[in-house]
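Asker: Quick mapping for you: the protein sequence lines, in order, are chains A and B. Here the numbering used here is used: the first residue of the first sequence is 26, the next is one more, and so on. Here the numbering used here is used: the first residue of the second sequence is 26, the next is one more, and so on. We put the beta carbon where it would ideally sit given N, CA and C, even for glycine. Pasting a structure here, questions to come.
There are 2 protein chains.
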Amino acid sequence: MSKATIDDVAKLAGVSIKTVSRVVNNEANVRDATRARVQHAIETLNYSPNQSARSLASRRSYLIGLLYDDPSLYEIPSSSYVISIQEGVLKACKSRKYDLLIHPCFYRDRHIANEIRTLIEHSRLDGLVLAPPLSDMTRILRAIEACGTPLARVAPGSGGDRHPVVRTNDREIAAQMTRYLASLGHERIAFITGHEDHKAVANRYLGYEDGMRESRLKLQERLVCAGDNSFKSGERCAMRLLKGRSPPTAIFASNDDMAAGVIRMARQLGLSVPEDLSVAGFDDIPLAQQVCPSLTTVSQPLAEMAELATTMLIDELEGSSGSAGPSCIEASLVFRESTGPAPGSGA
Amino acid sequence: MSKATIDDVAKLAGVSIKTVSRVVNNEANVRDATRARVQHAIETLNYSPNQSARSLASRRSYLIGLLYDDPSLYEIPSSSYVISIQEGVLKACKSRKYDLLIHPCFYRDRHIANEIRTLIEHSRLDGLVLAPPLSDMTRILRAIEACGTPLARVAPGSGGDRHPVVRTNDREIAAQMTRYLASLGHERIAFITGHEDHKAVANRYLGYEDGMRESRLKLQERLVCAGDNSFKSGERCAMRLLKGRSPPTAIFASNDDMAAGVIRMARQLGLSVPEDLSVAGFDDIPLAQQVCPSLTTVSQPLAEMAELATTMLIDELEGSSGSAGPSCIEASLVFRESTGPAPGSGA
DNA sequence: GTGAAAGCGCTAACAC
DNA sequence: GTGTTAGCGCTTTCAC
C-alpha cells in the first residue's frame, strides 16, 4: 500500500510538505526534533515517496539503462559475459539506490542508433552504461551524445572523452600469456583471433604479437586463425591449425569459448592436452573450470569494470565531481590444467 | 532532446492537448485529418511523451520487474538459466512496449520479503514476473500479494491462484527420459537429485520414479544421490555412484550442470561415455553441446515459459480479460552422444 | 529553520 | 469529435 502521500505525512507530523521533503531527501535545515517527528510519521504511515511524481518534478528517474549486445540474438551463447556485466552494474546500482533497466540489442542492426534514441526518449533514464562491443561503435556513441544522455562505457578505447570509460589491460596480459607459453618451451604458438568488431578482443591479438616478439619467436601467418568468438569457430580453427604440417604445440585462443572448442577438437583428433598440445583461453568464464582438462586462461574482471563504470556514471549524475576519464582494472593469468611443457622440451 | 511537450504539439497542430493525447495513445474519436495534422506536428517537433508525467497521471509505469534468484550470489554459475528467463521476458516486454527492470536476489535471505516489498513500494512497477525457485516460496508470494501488485510466475505449482502461472511437464518428461534409458537396456539407472528448494527440479525425481516403475525396474535407494544443481555436486555424486559395487550403467542427473560433472568424473575414472556409462541431463543449456560427448538431455522451454508468463501478466494489466490460471509448455527430449546401449546388452 | 505557491507534463472526467 | 478543467505527488523557488 503505497497509499500515504507526502501530505498525509505532513499533516500527521504537523509540518509543511516541504519539511517532509527535506527529511526524506536528507537535506539540511531541519531541527533534530522536527526531523524525528517527521520520521515517526513516515514510519507510522508506512510512507514511501511516489517515484513518478518525484521524477516528474526533479527530472531524475533513478533509473540506469544497461545496453549490451545480446549474443542470443545470433546464437553465440556466451551468457556468462552478459551475466558478469549485469552483476557489476547491479552492484553499483544497488549501493546507490538506482534501479536497472536492461536493453539487449543487436549491434549490427542498421537501425540501432534509432532504437537507442527511442529508448532514451521514451524511457526515463538518468544515464546509460554501454558494454562492448556496443561501446566501441562511434555511430552509437554519437547518437547517445546527441541526445545529451550521460553515459559510461566498458571499453578498450582510451576515448579521451568527457564520459567515464573503464578498460582492462587486454594487450599487456595477452602478451604475458604468450610469454608464459614460450617459457614452457613452446615455439610454434598459434593464435585464434576473435570477432573483428570486438576491439577489446582485437587488442588481445596485438598482445600475442608483442609476446611472440618479446620471446624472440617468429610470427607465422599460418599460425594465426580467424575465429568469431564462438565455440564452433574454436573447433574449426583447431582443426585447420592441427591438420597442417608442423602444427603448433600450443594454441592461444582469444576467448574461452573458442579455447573450449579447441580442446574438444584436439581430443577428437586423438591429441592429449596438455601433453601433445597446450591450450590457453581468455575471460575465465565458468566453462573454463568445467572442461576437461580445465583451462589456463586470463581472468577478465568484467564485473568489476562494469561496477566501476556504473559508479562513475552515478557520481557524474550526482555531481560528485569528476572521477571521469579512462580507468583500468587489471586482468591476471589463471593457471590450470590445459597448459604444460612443450612436447620434447625435456619435461 | 525530449524538449517538446504536449503543449507545443497542441499549439503547432492547432488543437487542444487532449486531442494530442488521443493521437499519442491511439484513442478513437479523432478525425483522420486532425490525426494527421497532429502526427505531423509530433514528427516536426520530434515529440515524445514524458513517461514520468504519464506515469504520475495514469498510475501506469510500463515497467515490469523480473525477480529471480541470483546464482552468482552463491557461486553456482548457471548463468544460462537466468539469461533464458530474461530473454523470454524481454521478448514479451518488447512487443508490448514495456521496459524491464531486473532484480536478482538471494532466495534464502531472511529479509527477502522486506526487500521485495521495498522494491515494489519504491519502484514504480506495474507488475512482477517471478522465476523459480523464488516463485515456489509462499512467503514471497504472500508478501507480493499483500502489496496488491499484479504478478505472474514461472513455476511448477498448479497454484489455482488468481494470477498467471506457467509451468512445464517436468515430471512426465523425466519419466520419458527414464523409459528411454530403460529401452536401451539399462537396468541400473541412477538418479542425481537437485537442490531441494527447487520444486520443479524435485518433480523430475518423481518422474524418474514413475519411469522406473513403468519400465518395471527396481528403485534402489543406493542409486539415488543428492546433488545441489552444481557441476561440482555432479562430480561428487558420480564418484559415489560409480565407486560403489554393481555401479549404474546409466546416470540421469536432474540438470545439465550436474550431468556435465558426471561426464567429467566418469572420464577421470577411466570410463567411456556412452560405452561404459550413459549420461542424461536436463535443461539443454549451451554447455550440453559443448561437453564431450555432447549431452542427451531434456530441452526445457524456459524462455518460452517466461515469455508466456509475461504476456499473460501484461494482458492482465491491460485488462485484456483473463488468460490467467496455469498453463503448460511442453519440454522434449534431445538425443545426443552421451547415451547408448547398456554394456553387454548385445549392441 | 520552515512554509506557501507554482509548477513538472501528462491523463481523466466531463462538458460541449 | 473536440476542448476545459482538475488534479497525479512531488520538488523548487523564494519569502519569512
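Give the interface partners of residue 136(B) over in chain A, defined as CB-CB distance under 9 Å, in chain order.
Answerer: Numbered from 1 along the second sequence, position 111 holds the residue referred to as residue 136(B). Going along chain A, no residue has its Cβ under 9 Å from residue 136(B), so there is no contact; the nearest lies around 14 Å.
Asker: Quick check on the DSSP output: the beta strand (DSSP E) that includes residue 145(A) runs from which residue to which?
Answerer: Position 120 of the first sequence, counting from 1, holds the residue named residue 145(A). Premise fails: residue 145(A) lies in the alpha helix (DSSP H), 137 to 147, not in any beta strand (DSSP E).
Asker: Give the residues of chain B in contact with residue 329(A), contact being defined as C-beta atoms less than 9 Å apart.
Answerer: Here residue 329(A) refers to the residue found at position 304 when the first sequence is read from its first residue. Chain B residues near residue 329(A): none, gap ~13 Å exceeds 9 Å.
Asker: Can you list the residues of chain B that residue 148(A) reaches, using a CB-CB cut of under 7 Å?
Answerer: Numbered from its first residue, the first sequence carries residue 148(A) at position 123. By Cβ distance, chain B contributes 76, 124.
Asker: Please determine if the stretch 104 to 120 of chain B and the stretch 135 to 145 of chain B are in contact, where contact requires at least 3 C-beta pairs separated by less than 8 Å.
Answerer: The answer is no - the stretch 135 to 145 of chain B does not touch the stretch 104 to 120 of chain B, with fewer than three Cβ pairs under 8 Å.
Asker: Does residue 317(B) come out as helix, strand or coil in the three-state DSSP assignment?
Answerer: Counted from its first residue, the second sequence places residue 317(B) at position 292. In the structure shown, residue 317(B) sits in coil (DSSP, three-state: anything other than H, G, I, E or B).
Asker: Determine, using beta carbons only, whether residue 31(B) and residue 46(B) come nearer to each other than 8 Å.
Answerer: Mapped onto the second sequence, residue 31(B) falls at position 6. Mapped onto the second sequence, residue 46(B) falls at position 21. Yes, Cβ-Cβ distance for residue 31(B) and residue 46(B) is below 8 Å.
Asker: Let me make sure I understand the geometry here. Which of 207(A), 340(A), 319(A), 196(A) has the alpha-carbon closest to that of residue 357(A)?
Answerer: Indexing the first sequence from 1 puts residue 357(A) at position 332. Of 207(A), 340(A), 319(A), 196(A), the residue nearest in Cα terms is 196(A).
Asker: Taking only three categories from DSSP, how would you classify residue 65(B)?
Answerer: On the second sequence, position 40 is the one that residue 65(B) refers to. Note: residue 65(B) maps to helix in three-state DSSP.
Asker: Pull up the CB-CB distance for residue 145(B) and residue 174(B), whole angstroms please, since I reckon it's below 8 Å.
Answerer: Looking up residue 145(B) in the second sequence gives position 120. Looking up residue 174(B) in the second sequence gives position 149. 5 Å between Cβ atoms; contact.
Asker: I need the straight-line Cα distance from residue 256(A) to residue 122(B), nearest angstrom please.
Answerer: Position 231 of the first sequence, counted from the first residue, corresponds to residue 256(A). Position 97 of the second sequence, counted from the first residue, corresponds to residue 122(B). Roughly 34 Å separates the two Cα atoms.
Asker: Please compile the residues from chain B whose C-beta is within a distance smaller than 8 Å of the C-beta of residue 452(A).
Answerer: No information on residue 452(A) is available, as it lies outside the stretch 26 to 372 that chain A covers here.
Asker: Could you give the DSSP three-state label for residue 232(A): helix, strand or coil?
Answerer: Position 207 of the first sequence holds residue 232(A). Helix.
Asker: To which residues does DSSP link residue 84(A) through a beta bridge?
Answerer: Reading the first sequence from its first residue, position 59 is the one you call residue 84(A). According to DSSP, residue 84(A) bridges with nothing at all.
Asker: Please report the residue range of the alpha helix (DSSP H) in which residue 32(A) lies.
Answerer: If you number the first sequence from 1, residue 32(A) lands on position 7. Where residue 32(A) is concerned, the enclosing alpha helix (DSSP H) stretches over 31 to 38.
Asker: Under 8 Å between C-beta atoms, does residue 63(B) make it to chain A?
Answerer: As a working note, residue 63(B) is residue 38 in the second sequence. No - not a single Cβ of chain A is within 8 Å of the one on residue 63(B).
Asker: Use the C-beta contact count for residue 236(B): other C-beta atoms within 10 angstroms, 16 or more gives buried, fewer gives exposed.
Answerer: By 1-based counting over the second sequence, the position of residue 236(B) is 211. Residue 236(B) is buried by the Cβ-count criterion.
Asker: Enumerate in chain order the residues of its own chain whose CB-to-CB distance from residue 298(B) is below 6 Å, with the five nearest sequence positions on each side excluded.
Answerer: Counting from 1 along the second sequence, the entry for residue 298(B) is found at position 273. If we look at residue 298(B) and ignore the five residues flanking it on each side, its Cβ neighbours are 288, 291, 304, 318, 363.
Asker: Under the rule that 16 or more other beta-carbon atoms within 10 Å means buried, what is residue 244(A), buried or exposed?
Answerer: As a working note, residue 244(A) is residue 219 in the first sequence. Exposed.
Asker: Take residue 253(B) and list the residues in its own chain whose beta-carbon comes closer than 6 Å to its own, dropping the five residues that flank it on each side.
Answerer: On the second sequence, position 228 is the one that residue 253(B) refers to. 220.
Asker: Give a yes or no on whether the C-beta atoms belonging to residue 211(A) and residue 275(A) are separated by under 8 Å.
Answerer: Against the first sequence, residue 211(A) aligns to sequence position 186. Against the first sequence, residue 275(A) aligns to sequence position 250. Yes, the Cβ-Cβ distance between residue 211(A) and residue 275(A) is below 8 Å.
Asker: By Cβ distance below 6 Å, which residues in the same chain neighbour residue 321(B) in space, the five residues on each side in sequence not counted?
Answerer: The sequence position of residue 321(B) within the second sequence is 296, counting from 1. Around residue 321(B): 305, 360, 361, 363, 364.
Asker: Answer yes or no: do residue 272(B) and residue 223(B) have a C-beta to C-beta separation smaller than 8 Å?
Answerer: Along the second sequence, read from residue 1 onward, the residue named residue 272(B) stands at position 247. Along the second sequence, read from residue 1 onward, the residue named residue 223(B) stands at position 198. Taking 8 Å as the Cβ cut-off, residue 272(B) and residue 223(B) do not qualify as a contacting pair.
Asker: Kindly indicate if chain B contains any beta-carbon less than 8 Å away from that of residue 324(A).
Answerer: As a position in the first sequence, residue 324(A) is number 299, starting the count at 1. Answer no: the Cβ-Cβ gap between residue 324(A) and chain B never drops below 8 Å.
Asker: Enumerate, from N- to C-terminal direction, the unbroken alpha helix (DSSP H) stretches of 4 or more residues contained entirely within the stretch 275 to 304 of chain B.
Answerer: For the stretch 275 to 304 of chain B, whole alpha helix (DSSP H) runs of length 4 or above, ordered along the chain, are 281 to 293.
Asker: Nearest by alpha-carbon distance to residue 119(B): which of 113(A), 147(A), 118(A) is it?
Answerer: Your numbering for residue 119(B) matches position 94 in the second sequence. Out of 113(A), 147(A), 118(A), 147(A) has the C-alpha closest to the C-alpha of residue 119(B).
Asker: Identify which residue in 62(B), 296(B), 339(B) has its Cα closest to the Cα of residue 266(B).
Answerer: Within the second sequence, numbered from 1, the residue matching residue 266(B) stands at position 241. Ranking the options by Cα distance to residue 266(B), first place goes to 296(B).
Asker: Applying a beta-carbon distance threshold of less than 8 Å, which residues of chain B neighbour residue 115(A)?
Answerer: Locating residue 115(A) in the first sequence gives position 90, counting from the first residue. What residue 115(A) touches in chain B: 127, 129.
Asker: Which runs of the alpha helix (DSSP H) at least 4 residues long sit entirely within the stretch 246 to 279 of chain B? Give them in chain order.
Answerer: Counting whole runs of 4 or more residues, the stretch 246 to 279 of chain B contains the alpha helix (DSSP H) stretches 256 to 268.
Asker: Does the beta carbon of residue 108(B) come closer than 8 Å to any beta carbon on chain A?
Answerer: Here residue 108(B) is taken as the residue at index 83 of the second sequence, counted from 1. True, the Cβ-Cβ gap to chain A drops below 8 Å.
Asker: Using the beta-carbon count (16 or more within 10 Å), is residue 263(A) buried or exposed?
Answerer: Reading the first sequence from its first residue, position 238 is the one you call residue 263(A). Its Cβ being crowded by 16 or more others within 10 Å, residue 263(A) is buried.
Asker: Should residue 44(B) be labelled buried (16 or more other beta-carbon atoms within 10 Å of its own) or exposed?
Answerer: By 1-based counting over the second sequence, the position of residue 44(B) is 19. Answer is buried; the Cβ neighbour count reaches 16.
Asker: Using 8 Å as the limit for Cβ to Cβ distance, is residue 296(A) near chain B?
Answerer: Counting from 1 along the first sequence, the entry for residue 296(A) is found at position 271. No, its Cβ sits nowhere closer than 8 Å to a Cβ of chain B.
Asker: Taking residue 196(A) as part of the beta strand (DSSP E), name the residues at either end of that continuous run.
Answerer: Here residue 196(A) is taken as the residue at index 171 of the first sequence, counted from 1. Not the beta strand (DSSP E): residue 196(A) falls in the alpha helix (DSSP H), residues 195 to 208.
Asker: Would you list, in chain order, the members of the stretch 78 to 98 of chain A that have their beta-carbon closer than 7 Å to a beta-carbon of chain B?
Answerer: The stretch 78 to 98 of chain A vs chain B, Cβ under 7 Å: 78, 80, 81, 86, 97.
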